[in-house]
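Trainee:
In the numbering used here, the protein residues as written are 181 to 451.
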């Protein structure tokens, strides 16, 4: 008898508090329904029917508005209809839910560039570079794409420093990719050196344009070190060391600089 009284009292408290009983129900049914609508939308999209797909995706989002994959699917359906502006909105929401999704960020940046929103695209590509650097050399091809886009944007905006910097970094990364490829084929040292010398020229121009910036110095160290030219490499390392900070380098660049400095200090102690 006491058990039934406790249950009745519990429901009474809920009703008095104005809490709907449905709010206490398990959300799995709603999640399953949202998933069913999403799957139906994907099926329509794969069949080349973006209108039906959009209808299903909207139904899914009405149940679960925080589903990153559904916003991504909405963006794909909008793009299929040529509605870039609405697609951009859904990609932006997707990134707000999953800010670490670098592939979505790259697609969002490319879309903004296509829409001629240059400054917004530049911001997104810079964020993409910052996040994607953490994956190391396996992400170099994506990085080359981003730096080429940043170079083109800078050229349109008339930013000579950013144009030279991104061209230089892009050429350096291209040389790294070429090195990996030639490990499996016949090496072409002359072509590789030409890429690195071009990178050094662009990065030097960037430094001359903005001598208060340290990123060109860090990459000049990397380029000359790759060319096995110790004197210019050490010169640019020392200049980098004077001003290196998390404010002027990306987190991965700052981390790599610290590793080089730690190795240099331990090597100096051994000598």
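In this text, a Cβ means the ideal position worked out from N, Cα and C, and glycines have one as well.
Less than 8 Å between the CB atoms is what I'm expecting for residue 304 and residue 289, so what's the real figure, rounded?
Mentor: Confirmed, about 4 Å.
Trainee: Starting from the C-beta of residue 246, find all residues in its chain whose C-beta is less than 7 Å away, skip the five residues before and the five after it, and write them out in chain order.
Mentor: Cβ neighbours of residue 246 beyond the five flanking positions: 277.
Trainee: Are residue 333 and residue 380 close, meaning C-beta to C-beta below 8 Å?
Mentor: Cβ distance not < 8 Å, so residue 333 and residue 380 don't count as in contact.
Trainee: Write down the C-beta distance between residue 402 and residue 384 rounded to the nearest angstrom, noting that I regard them as a contact closer than 8 Å.
Mentor: Wrong, their Cβ atoms sit about 13 Å apart, outside the cutoff.
Trainee: Can you check which of these residues, 326, 310, 315 and 312, is closest to residue 293 by C-alpha distance?
Mentor: Per the Cα distances, 326.
Trainee: I'd like the ranges of any alpha helix (DSSP H) spanning at least 4 consecutive residues and lying wholly in the stretch 281–311.
Mentor: The stretch 281–311 contains these whole alpha helix (DSSP H) runs: 282–294.
Trainee: Would DSSP call residue 227 helix, strand or coil?
Mentor: Residue state, collapsed to three classes: coil.
Trainee: Please identify the residue among 228, 227, 261 and 284 whose C-alpha is closest to the C-alpha of residue 249.
Mentor: Ranking the options by Cα distance to residue 249, first place goes to 284.
Trainee: Could you check whether residue 308 and residue 286 sit closer than 8 Å to each other, using their CB atoms as the reference points?
Mentor: Contact flag set, yes.
Trainee: Assuming residue 225 contacts residue 256 (C-beta within less than 8 Å), just tell me the rounded distance between them.
Mentor: About 6 Å separates the two Cβ atoms, so the contact holds.
Trainee: Closest by CA to residue 324, which one among 357, 261 and 211?
Mentor: The shortest C-alpha separation from residue 324 is found at 357.
Trainee: What does the alpha-carbon distance come out to for the pair residue 348 and residue 378?
Mentor: If you take the alpha carbons of residue 348 and residue 378, they lie about 7 Å apart.
Trainee: Taking 8 Å as the threshold (C-beta atoms), are residue 407 and residue 439 in contact?
Mentor: No; because the gap between Cβ atoms is not below 8 Å, this pair is not in contact.
Trainee: Assign residue 273 to one of two classes, buried (16 or more other C-beta atoms within 10 Å of its C-beta) or exposed (fewer than that).
Mentor: Flag for residue 273 reads buried.
Trainee: Check for me: the alpha helix (DSSP H) holding residue 397 runs from which residue to which?
Mentor: Where residue 397 is concerned, the enclosing alpha helix (DSSP H) stretches over 395–406.
Trainee: On the CB-based measure, 16 or more other CB atoms within 10 Å of its CB, does residue 445 come out buried or exposed?
Mentor: Under this definition residue 445 is an exposed residue.
Trainee: Between the beta-carbon of residue 244 and the beta-carbon of residue 211, is there less than 8 Å?
Mentor: Yes, they are a contact pair.
Trainee: Do residue 387 and residue 428 have their C-beta atoms within less than 8 Å of each other?
Mentor: In this structure, residue 428 does not lie closer than 8 Å to residue 387 by Cβ.
Trainee: Helix or strand or just coil, what does DSSP make of residue 220?
Mentor: Note: residue 220 maps to helix in three-state DSSP.
Trainee: Taking the alpha-carbon positions, what's the residue 414 to residue 424 distance?
Mentor: Cα to Cα, residue 414 sits roughly 15 Å from residue 424.
Trainee: Could you name the residues of the same chain whose beta carbon sits closer than 6 Å to that of residue 397, not counting the 5 residues immediately before and after it, in chain order?
Mentor: Hits under 6 Å: 416, 419 and 420.
Trainee: Rounded to whole angstroms, what is the Cα-Cα separation between residue 341 and residue 434?
Mentor: Each residue's alpha carbon lies about 20 Å from the other.
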